[in-house]
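A.B. asks: Numbering (the numbering used here), first residue to last: 96 to 422. Dropping the structure in here first, questions after.
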Ligand code: PBG
């Protein structure tokens, strides 16, 4: 009988051995908390399909941001839900509109201690729920939308956002936004490109979170789940247009894309663990089918292992708290 001399199990014998030899570990500064603020709320409003996540009031958002700072979280990504919507998403440009005001309020709360990021997209602001304006045929008009994104970006930078997150998947959006920021003197406002963003069924709970008016889907502008090579093209274009970071979204069903992008990107890579990914784990845990904390930790670690330098996750603060405990 011959026994193995190579025994990979040696490095698994004790928690200390596993900890010392771990190839990847999570850290709070690489976590980014997506957060929703809804205009006109007097109390935080729970989102039924995302247990534990709420639509914030100004006060509760400021508290969540302060808590994120306390826990060492890296950034916060703000999404606004306006009281009034129209076909062109006009409320997105109002300096006192829900999102621009939230940026100002959060900056006043956290200063530079948290990277304050904001969503540059029209879907929360349009009465048809699309990420851009529609032409006469109901097709999302790319170039007409870009003009609004440019103005929206400047409004968000004026409000004090450190970094903008254009999530609408219009062609050329990074270049147009970069140019508008430069022209307005916001040379240090960074842009994280939702470079490879796929049309996904897993955005379902987010649509409830932002009270989306969308009927139909976003398949004429978001990427097709069948495509891998195309993600590289999207990233190359965004890099050429001046993206400071690039993102892959969703994360868990797209880890191959994330690994591809991580291997070629010359800027840091983010991944967005989206609403449906959050809700699936919460639902299974609520049923007692999986160990909640272990499953959450494993899911985010898997995204990091695939190549993400940063992870947007609705568990950012909770996870950061756990990381503090286990230090
Ligand atoms: C669009 C946007 C969406 C998400 C982030 N930005 C929705 C969409 O593309 O339909 C989804 C995030 C999530 O599901 O957690 N502004």
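Where a beta carbon is used, it is the ideal one built from N, C-alpha and C, also for glycine.
(1) Below 8 angstroms, can you find three or more Cβ-Cβ pairs linking the region 381-398 to the region 107-114?
(2) Per DSSP, which residues does residue 342 bridge with? Please list them.
(3) Using CA coordinates, which residue listed in 129, 363 and 194 is at the minimum distance from residue 159?
(4) Assess contact between the region 186-193 and the region 137-150, defined as three or more Cβ pairs (one per stretch) separated by less than 8 angstroms. Is contact present?
(5) Is any non-hydrogen atom of ligand 1 found closer than 6 angstroms to the C-beta of residue 238, if you look at the structure I gave you?
(6) Determine, using beta carbons only, whether residue 197 comes closer than 7 angstroms to chain D.
(7) Counting pairs of Cβ atoms below 8 angstroms between the region 290-297 and the region 238-255, do you hit three or more?
(8) Near residue 205, what residues of its chain come up, given a Cβ to Cβ distance below 6 angstroms and the 5 sequence neighbours on each side ignored?
(9) Of all the options 407, 168 and 340, which has the alpha carbon lying nearest to the alpha carbon of residue 122?
(10) With 16 as the cutoff for other CB atoms within 10 Å, does residue 151 come out buried or exposed?
(11) Can we say the region 320-337 touches the region 256-272, given the rule of at least three CB pairs closer than 8 angstroms?
(12) Just the C-alpha distance for residue 260 and residue 379, rounded to the nearest angstrom, thanks.
(13) So what does DSSP say about residue 193, is it helix, strand or coil?
(14) Relative to the alpha-carbon of residue 220, which residue among 148, 183 and 410 has its alpha-carbon at the smallest distance?
(15) Would you say residue 75 touches ligand 1, meaning its beta carbon is less than 6 angstroms from a heavy atom?
(16) In terms of alpha-carbon separation, which member of 254, 251, 263 and 199 lies closest to residue 217?
C.D. replies: In short:
(1) Verdict: no, contact absent.
(2) In DSSP, residue 342 forms a bridge with 365.
(3) The shortest Cα separation from residue 159 among 129, 363 and 194 belongs to 129.
(4) Not touching, per the Cβ criterion.
(5) No, Cβ of residue 238 sits at least 6 angstroms from all heavy atoms of ligand 1.
(6) The question asks about chain D, but that chain is absent: this structure has only one protein chain.
(7) Look at the beta carbons and you see the region 290-297 not touching the region 238-255: under three pairs across the two are nearer than 8 angstroms.
(8) If we look at residue 205 and ignore the five residues flanking it on each side, its Cβ neighbours are 160 and 164.
(9) Here the closest residue by C-alpha is 168.
(10) It counts as buried.
(11) The answer is yes - the region 256-272 touches the region 320-337, with three or more Cβ pairs under 8 angstroms.
(12) So the alpha carbons of these two residues sit roughly 30 angstroms apart.
(13) Under the three-state reduction of DSSP, residue 193 is assigned to helix.
(14) Selected option, being the one with the closest Cα: 183.
(15) Because the chain spans 96 through 422 in this model, residue 75 falls outside it and cannot be assessed.
(16) Of the listed residues, the one whose Cα sits closest to residue 217 is 263.
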